[in-house]
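Have a look at the structure below before the remarks.
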Amino acid sequence: MKRIIDANLNRATEALRVLEEIARFYLDDKAMSEQLKNIRHNISKEADKDYETLLDSRDTIGDVGIDAKNSTHRTNIVNIFKANIKRLQQALRTLAEYGEAQALDFKIFEKARYESYTLEKEMYNNLSAKLNKFRLEDKNLYLVTSSDNFSSEDDFLDAVASALDGGVRLIQLREKSHDAKKITRLGKKIRELTSIYNAIFILNDRIDIAQIIDADGVHLGQDDIDIKDARNILGDKMIIGISTHCPEQARKAQEQGADYIGVGPIFTTPTKPGRQAVTTEYAKWVSKNINIPWYAIGGIDSDNIQEVLTAGATRIAVVRAIINASSPSDAAKNFLEILNKETLVK
């Protein structure tokens, strides 16, 4: 029984150290890091009560449960978190069951286990929110598209596939003139395509359909429900973006927790009929005052992109210049080459 206690004390404190580092260095959450540290210290105090006896009982070489060859290697921060929070809870349960028989204070382990359930939910939600922003960090080209002006859905999907093949890794389906059934049908097919290319898929407006088709997020307009309400419905795991046309809207979006904003239309565009261009002056303001990812959008093509980048943009959203190009793949490659070169210069 001593060996069981020793193994699970080690397992619990090791898992706590991993979780503590996630809270401290990844989430930058001082309170959560302190809470995990306190739990670890309390468990370590119990281990110190019988340290020599537990150490004498240890038999690492003869332990039939140790197999280094089959150890799991995790590269995703969420998977590291999940593995260690479960390892902690399992170890604490074992310690509570066996600890009392070895004169350890089993109440400490029970209390820590119940704390871990609350921490699990809080940490996972915080990680999800942080990962949304991380997922957008290297996505500097955003394709916003619809099936309008295509003779068939197959032609449209071929164009989307071509853009993905050219390197697009962030796509929004924007279907303003079609019913829910068609949007759902198209959305499911684009979801399949984006999954193949490990690309992010955003649906315009329709929060309900976004959930049905397992989209990565939604893009809202100024006349849609606000970001807080959308977040209450979608939770922290889904990306929420919103179009903005002036500094007040950009500030509000950032304050309400948008994962990104659209900035435009920079130039007049048939995609936004009747809406006056905000010009590159708005882009200049956003580059100096907004800290979340933002995408310049509206009439951007290979002829005027440099003007947008000079204004401070590092990310752009493109509609017709990619999806309606003779080769969406080549058009995407061209935009990415310009954007990546500009990023290296900056």
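Following the working numbering, the numbering of the sequence shown begins with 5 at its first residue and continues without gaps. For glycine and all other residues, C-beta sits at the position ideal for the given N, C-alpha and C. If you're wondering where the values come from, they're calculated on a predicted model, not measured in any experiment.
Nearest-angstrom Cα separation, counted from Q258 out to A281:
The straight-line gap from Cα to Cα measures roughly 22 Å.
Using a 10 Å radius around the Cβ and a threshold of 16 neighbouring Cβ atoms, would you call H223 buried or exposed?
Classification for H223: buried.
In three-state DSSP terms, what is I244?
Residue state, collapsed to three classes: strand.
contact_flag[the stretch 91-100, the stretch 6-25] where n(CB pairs < 8 Å) is 3 or more:
Of all C-beta pairs linking the stretch 91-100 to the stretch 6-25, three or more are shorter than 8 Å, placing the two stretches in contact.
Can you tell me which of R235, H249, C250 puts its alpha carbon nearest to the alpha carbon of I243?
Of R235, H249, C250, the residue nearest in Cα terms is R235.
Check this for me: beta carbons of L123 and Q39, under 8 Å apart or not?
Q39 sits close to L123, with the two beta carbons spaced by under 8 Å.
Which first and last residues belong to the beta strand (DSSP E) in which H223 is found?
Residues 221-224.
With contact counted as at least three CB pairs below 8 Å, one residue from each stretch, are the stretch 167-186 and the stretch 330-339 in contact?
A contact is defined here as three or more CB-CB pairs under 8 Å, and the stretch 167-186 meets this definition with respect to the stretch 330-339.
Thinking just about the alpha-carbon of each residue, which of A219, Q253, V312, G225 is nearest to the one in L238?
Out of A219, Q253, V312, G225, A219 has the C-alpha closest to the C-alpha of L238.
Using DSSP bridges, identify the partner residues of G266.
The bridge partners DSSP lists for G266 are S247, Y299.
So, helix, strand or coil for T57, using DSSP?
If DSSP states are grouped into helix, strand and coil, T57 belongs with the helices.
How about the stretch 82-91 and the stretch 22-29: do they share at least three Cβ pairs that are nearer than 8 Å?
The answer is yes - the stretch 22-29 touches the stretch 82-91, with three or more Cβ pairs under 8 Å.
Can a CB atom of chain C be found closer than 8 Å to the CB of R319?
Going by chain labels, chain C is absent from the structure shown, which holds only one protein chain.
Following the continuous alpha helix (DSSP H) through Y118, name the residue where it begins and the one where it ends.
Going by DSSP, Y118 is part of the alpha helix (DSSP H) stretching over 110-140.
Tell me the DSSP secondary structure of A321 in three-state form.
DSSP places A321 in strand when its eight states are reduced to three.
Closest Cα partner of P274 within the set D158, I304, I84, S247
The shortest Cα separation from P274 among D158, I304, I84, S247 belongs to I304.
Can you tell me the Cα-Cα spacing of I81 and T272, whole angstroms?
Distance from the CA atom of I81 to the CA atom of T272, rounded to whole angstroms, is 42 Å.
I301 versus K49, K292, A315, A203, residue with shortest Cα-Cα distance
Closest in alpha carbon position to I301, among K49, K292, A315, A203, is A315.
Under 8 Å between C-beta atoms of L352 and S156
Because the chain here runs from 5 to 350, residue 352 falls outside it and cannot be looked at.
Identify which residue in A133, I294, K232, A214 has its Cα closest to the Cα of A184.
A214 is the residue among A133, I294, K232, A214 whose C-alpha sits nearest the C-alpha of A184.
If you reduce the DSSP assignment to three classes, tell me which class T149 lands in.
The answer is strand: DSSP assigns T149 an E or B state.
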